[in-house]
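Just so we're aligned: 197 in the numbering used here is position 109 of the sequence shown, and the numbers increase by one with no gaps anywhere.
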Amino acid sequence: MLTYEWPFEPDDVIVPQWGEFGKRPRGPVIVAHDGIDLNAPQGATVRAAAAGVVTLIRVEGDGDDGEGNAVWIKHTERFMTRYLHLQAALDVRAGEFVELGQPLGKVGQSGNADGPHLCFMTLVEGVAFNPRTFMRDRAREHQEATRGDRTAQ
Numbered sequence: 089m090l091t092y093e094w095p096f097e098p099d100d101v102i103v104p105q106w107g108e109f110g111k112r113p114r115g116p117v118i119v120a121h122d123g124i125d126l127n128a129p130q131g132a133t134v135r136a137a138a139a140g141v142v143t144l145i146r147v148e149g150d151g152d153d154g155e156g157n158a159v160w161i162k163h164t165e166r167f168m169t170r171y172l173h174l175q176a177a178l179d180v181r182a183g184e185f186v187e188l189g190q191p192l193g194k195v196g197q198s199g200n201a202d203g204p205h206l207c208f209m210t211l212v213e214g215v216a217f218n219p220r221t222f223m224r225d226r227a228r229e230h231q232e233a234t235r236g237d238r239t240a241q
């Protein structure tokens with residue numbers, strides 16, 4: 089079973105107004121925010137939330153400019169994480185296996201970011217899932233598996 093950890097220390101805060109997961113009005117339209125925006129200083133190290141394979145490296149100007157510089161990681165057949173708005177210098181390549189906590193890049197403000205932060209996305213079977221719930225559920229699964237290992241001894 090994989091272990092998952094937040095890409096930053098757990099006391100980091102969510103960027104106000106647009107940082108939470110879900111749909112919200114933006115002017116006359118409703119928009120979806122498929123991740124959460126973690127507030128961090130420009131240049132802070134972004135780390136892999138779990139071991140997996142880098143499936144995509146996106147460089148600003150190459151595809152979806154809203155994401156800016158981004159890293160996508162596939163952890164299992166069901167689970168994926170994405171790290172958006174990074175600085176241009178990324179520490180990994182597509183196809184590379186990364187370990188839990190391995191540096192991926194630095195916090196930036198590429199794409200449609202209004203200031204330096206990390207947009208952290210979690211996907212379950214290709215569908216965006218609230219990262220708070222995703223990480224809580226992975227922690228619970230890990231605790232249950234660990235408890236099961238101890239009782240089997």
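For each residue, glycine too, the CB sits at the ideal point set by N, CA and C.
The three-state secondary structure of F96, taken from DSSP, is coil.
In the three-state reduction of the DSSP assignment, A227 falls in the helix class, which pools H, G and I. By a beta-carbon distance limit of 8 Å, V212 contacts R166. Their separation comes to about 6 Å. The DSSP-derived three-state label of R235 is helix. Between A132 and V195 the beta-carbon gap is near 4 Å, inside 8 Å, which marks them as a contact. Looking at the DSSP output, D153 shares a beta bridge with no other residue. Looking at M223, R220 and L206, the one whose alpha-carbon comes closest to that of G154 is L206. Here the stretch 177–190 does not lie against the stretch 223–230, with fewer than 3 beta-carbon pairs under 8 Å apart. Residue state for T221 is assigned as helix, using DSSP reduced to three classes.
Out of H230, V215, F217 and G203, the CA that lies nearest to the CA of N127 is found in G203. At the C-beta level, P95 and V134 come within 7 Å of one another. Y92 and V159 have their C-alpha atoms some 17 Å from each other. Comparing C-alpha distances from D122 to each of V215, V180 and H163 shows the shortest one belongs to V215.
DSSP places H121 inside the beta strand (DSSP E), whose first and last residues are V117 to H121. Nearest to Q130 by alpha-carbon distance, out of L144, N218 and L174, is L174. A Cβ-Cβ separation of about 6 Å places A176 in contact with N157 under the 8 Å criterion.
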